[in-house]
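> Once you've had a glance at the structure underneath, I'll fire off some questions.
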Amino acid sequence: MSTTRTRRLPLLPYVLLSPTLFFVALFTAWPTLLALYKSFFRQRLNIAKFREPTFVGLQNYAHLLTDPDFHKVLLNTVIYVLGTVPLSIGLAFVLALLLNRRLRAIGLLRLSFFYPTILPMVSAATIWMFFFTPDYGLFNTALEFLGYRGPQNWTANPNLALLAVMIVALWKNAGYYMIFYLAGLQSLPTDVFEAAALDGASWWQSLLYIALPLLKRTTLFISTIAFISAFQTVDHIFVLTHGGPGMASTTLLYWLWQVRFEYQDVGRASALTVILVLVLLLFTVSNFLVSERGGADVG
């Protein structure tokens, strides 16, 4: 009986994982492989002579590398990622520190900071349209109160459009990342901080040399989901700027949508999909390796 049980046990993990593996294969692996296959073909659905796929090898990738629009979109995406990911993580950590207290109505305060996460991105962008509205928008009204004249049309100004998109993302995501930091802070061992206090460590020293190293895994997890989320920016660009003016706020995934559904260029959109997947895969794997190395160092 023990031999039979030993033979059957290894099958249980695969049975439990099979539904997840099925959906991952159907909705992730297969579309990625299909995009990789179509990236080697030229196909324009809005042009009659190019409707049938024609094998062109790496020509789609070569055109992207020499396309000024692609360079502009990449630059916008890099600025967006560097401007939102570190700031949203830092803001989330500060909020978690402020809310990790036993105060009256602390639950209501936590809910107020988490509330933007509950809103759909389209709804959040619609709310922020009022802030960015020229003449009577909240931002321009505040600038006028401070003595600055000449209200700005934030979403139609090429120098401010991407910034407006980034502000909405920061407001929307910081509360979500705050929850992970708050959970991490509440799970830290209190005896370590008590021992550090007895040794004369200040609050800043306890934060820098105890709390932050212990929250390293949490930070790596948050940075991974924040990075992936930054590359998924589409919804509020639709509402706020439509990628404009002059592609000033167009990011990689939004441009991919335009290439595929507005320009109907299947081959180039597939090449963009492969590039996007490779970037996200590279970052996720490297982040995982850093996490594992950090865990080994701690151990």
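Each residue of the sequence shown is one higher than the one before, starting from 138 at the first, in my numbering.
Backbone N, C-alpha and C define an ideal beta-carbon position, used for all residues, glycine too.
Keep in mind that this is a model prediction, so the values were computed, not measured.
#1: Who are the near neighbours of Val396 in its chain, counting only those whose CB is closer than 8 Å to its CB and skipping five residues on each side?
#2: Among all the DSSP beta bridges, which residues are the ones paired with Thr191?
#3: At which residues does the alpha helix (DSSP H) containing Leu280 begin and terminate?
#4: For Leu417, tell me which candidate among Met303, Thr157, Thr214 has the shortest Cα-Cα distance.
#5: Tell me, which residues are paired with Asp402 by DSSP?
#6: Just to confirm before moving on: does the CB-CB distance between Arg179 and Gln196 stay below 8 Å?
#7: One question on the structure: do Gly321 and Phe250 come within less than 8 Å of each other, judged by their Cβ atoms?
#8: Tell me the rounded alpha-carbon separation between Asn277 and Leu283.
#9: Note the first and the last residue of the continuous alpha helix (DSSP H) segment covering His379.
#10: According to DSSP, is Gln342 helix, strand or coil?
#11: Could you say which of Gly194, Phe420, Leu163 lies nearest to Ala367 if we only look at CA atoms?
#12: Where does the unbroken alpha helix (DSSP H) through Gly321 begin, and where does it stop?
#13: With a cut-off of 8 Å, do at least 3 Cβ pairs link the stretch 352-362 to the stretch 383-392?
#14: With DSSP run on the structure shown, which of helix, strand or coil describes Asp372?
#15: Whole-angstrom Cβ separation of Leu351 and Leu325, contact assumed at under 8 Å?
#16: Beta carbon of Val218, beta carbon of Phe425: below 8 Å?
#17: According to DSSP, is Arg239 part of a helix, a strand, or is it coil?
#18: Tell me whether the beta-carbon of Ala262 lies closer than 8 Å to the beta-carbon of His373.
#19: I want to know whether the stretch 294-307 touches the stretch 219-231 - three or more CB-CB distances under 8 Å.
#20: For Ser386, name the three-state secondary structure that DSSP assigns.
#21: Using CA coordinates, which residue listed in Val376, Pro257, Leu319, Asp272 is at the minimum distance from Leu235?
#22: Using only the alpha-carbon positions, how far apart do Val411 and Leu173 sit?
#23: Taking Ala293 as the reference, give the member of Ala166, Arg239, Pro382 with the closest Cα.
This is what the structure gives:
#1: Asp402, Arg405, Ala406, Leu409
#2: Partner(s): Arg179.
#3: 275-282
#4: Thr214
#5: Residue pairing from DSSP places Asp402 in a beta bridge opposite Arg181.
#6: yes
#7: no
#8: 10 Å
#9: Note, His379: premise wrong, no alpha helix (DSSP H); not H, not E.
#10: helix
#11: Phe420
#12: 298-323
#13: Because the criterion of three Cβ pairs below 8 Å is not met, the stretch 352-362 and the stretch 383-392 do not touch.
#14: The answer is helix: DSSP assigns Asp372 an H, G or I state.
#15: 6 Å
#16: no
#17: coil
#18: yes
#19: yes
#20: Three-state result, Ser386: coil.
#21: Leu319
#22: As the crow flies, the alpha-carbon of Val411 is around 6 Å from that of Leu173.
#23: Pro382
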